[in-house]
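**Student:** If you read the sequence shown in numbering that gives the first Met the number 0, its first letter stands for residue 0, the second for the next number, and so on.
We put the beta carbon where it would ideally sit given N, CA and C, even for glycine.
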Amino acid sequence: MKQLSIRIAELASACMLCHDAPCAAACPKGLSPDRFVRSVRFANGEGALAQMTGCVGCGACERACIRPDGATKILALKALAEQAYPAAPAPKADLTTQMCGVPCENPLGKISCHPNIHTIIPDLVRFTLDARHQDPVVVRQCIDIIKKIPSEVEKCAFSYEEAWSRATVAFHKPYVDFVEESAKELGYPSMRMYSGPGHDAQFAADIVPTTMIFVPSGGGHSHCELEHTPVENCKKGADVLLNTVLKIDAAV
Ligand code: SF4
Ligand code: SF4
0 MKQLSIRIAE LASACMLCHD APCAAACPKG LSPDRFVRSV RFANGEGALA QMTGCVGCGA
60 CERACIRPDG ATKILALKAL AEQAYPAAPA PKADLTTQMC GVPCENPLGK ISCHPNIHTI
120 IPDLVRFTLD ARHQDPVVVR QCIDIIKKIP SEVEKCAFSY EEAWSRATVA FHKPYVDFVE
180 ESAKELGYPS MRMYSGPGHD AQFAADIVPT TMIFVPSGGG HSHCELEHTP VENCKKGADV
240 LLNTVLKIDA AV
């Protein structure tokens, strides 16, 4: 298995990670062999193979590869990846969860324990819980649940601290309306959404009326190597932005 991993890493490292990859442009099935190689390189084996679903093994991608010292061996890499990675498709990501019955969004966390050895019961475990929800009442409910945990459970001492928090930011409603109206006037589908991650706009909102426009990425992937936003979607986003700015200009 170790040899297989080394060979996979070796083949994947040959790729130059081209922008507008010629290997992808050559694929008669419209697949993204470039993203397949990239995903392998970044250790996303299951995601990598998903990029090659429907591959007929024609080799057009390899023939189109512009790597100067010889084409990236995409098909050999695919064959090795099929051996190395489980065949089952990756489960669909669901970032919602419940904390003692309280629904949360995007729960993230970090766990560290001491000693971190699989045969030894740790004497210290620290973990963080990132409780996110657009409704501050729900976040408060999560904190209240933690506060109610006894300070000692089954001879394990327990303590907590609130490390960091931030208030939910509601963007300037008239400007949010302008974004929605602009999309509608241009004939683009749109939806209002909440966004859990941090954005510069949430701080700008303290100073100026603010709104945001998101454009859809393929498969909903974001902040990972699979993320890809088609140019057409970016153009639509720019159209909406321009019309929104014109509406704001007319309103002020
Ligand atoms: S071998 Fe597969 S990925 Fe490569 S061009 Fe042919 S169908 Fe596309
Ligand atoms: S396989 Fe070849 S063409 Fe495709 S991204 Fe890698 S170097 Fe570029």
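I need the DSSP call for L3, collapsed to helix, strand or coil.
**Tutor:** Three-state result, L3: helix.
**Student:** Go through its chain and collect everything with a Cβ distance to A89's Cβ below 8 Å, but skip five positions before and after it.
**Tutor:** Residue placement at A89 is flagged as unreliable, the pLDDT there being 48, under the threshold of 50; the coordinate-derived value follows with that caveat. Cβ within range, chain order: E45, G46 and A49.
**Student:** Between which two residues does the alpha helix (DSSP H) holding D129 run?
**Tutor:** That residue, D129, is in no alpha helix (DSSP H); its beta strand (DSSP E) goes D129 to R131.
**Student:** Could you give the C-beta distance for R34 and C14, rounded to a whole number, given that I count them as a contact under 8 Å?
**Tutor:** Their Cβ separation, rounded to whole angstroms, is 10 Å, which puts R34 and C14 out of contact at 8 Å.
**Student:** Quick check: does the Cβ of I7 come within less than 8 Å of any heavy atom belonging to ligand 2?
**Tutor:** Every heavy atom of ligand 2 is 8 Å or more from the Cβ of I7, so no.
**Student:** Would a C-beta distance cut-off of 9 Å place C17 and I65 closer than the cut-off?
**Tutor:** Yes, the Cβ-Cβ distance between C17 and I65 is below 9 Å.
**Student:** Quick one: what's F41 bridged to in DSSP?
**Tutor:** In the DSSP output, where bridge partners are listed per residue, F41 has none listed.
**Student:** Does DSSP classify A59 as helix, strand or coil?
**Tutor:** The answer is helix: DSSP assigns A59 an H, G or I state.
**Student:** Which two residues bound the contiguous beta strand (DSSP E) that contains V178?
**Tutor:** Here V178 belongs to no beta strand (DSSP E); instead the alpha helix (DSSP H) covers K172 to L185.
**Student:** Less than 8 Å separating the Cβ of A13 from some heavy atom of ligand 2?
**Tutor:** Yes, the Cβ of A13 comes within 8 Å of a heavy atom of ligand 2.
**Student:** Is V36 a contact residue of ligand 2, with contact defined as CB to any heavy atom under 8 Å?
**Tutor:** Because some heavy atom of ligand 2 lies under 8 Å away, the Cβ of V36 counts as near it: yes.
**Student:** Looking at the structure shown, is C64 part of a helix, part of a strand, or coil, going by DSSP?
**Tutor:** Looking at C64 - three-state DSSP - the assignment turns out to be coil, as it is neither helix nor strand.
**Student:** Can you check DSSP and say which residues form a bridge with I110?
**Tutor:** Note: I110 sits in a beta bridge opposite F126.
**Student:** Drop a sphere of 10 angstroms on the beta-carbon of S111, count the other beta-carbons inside from all chains shown, and report buried for 16 or more, exposed for fewer.
**Tutor:** Its Cβ having fewer than 16 others within 10 Å, S111 is exposed.
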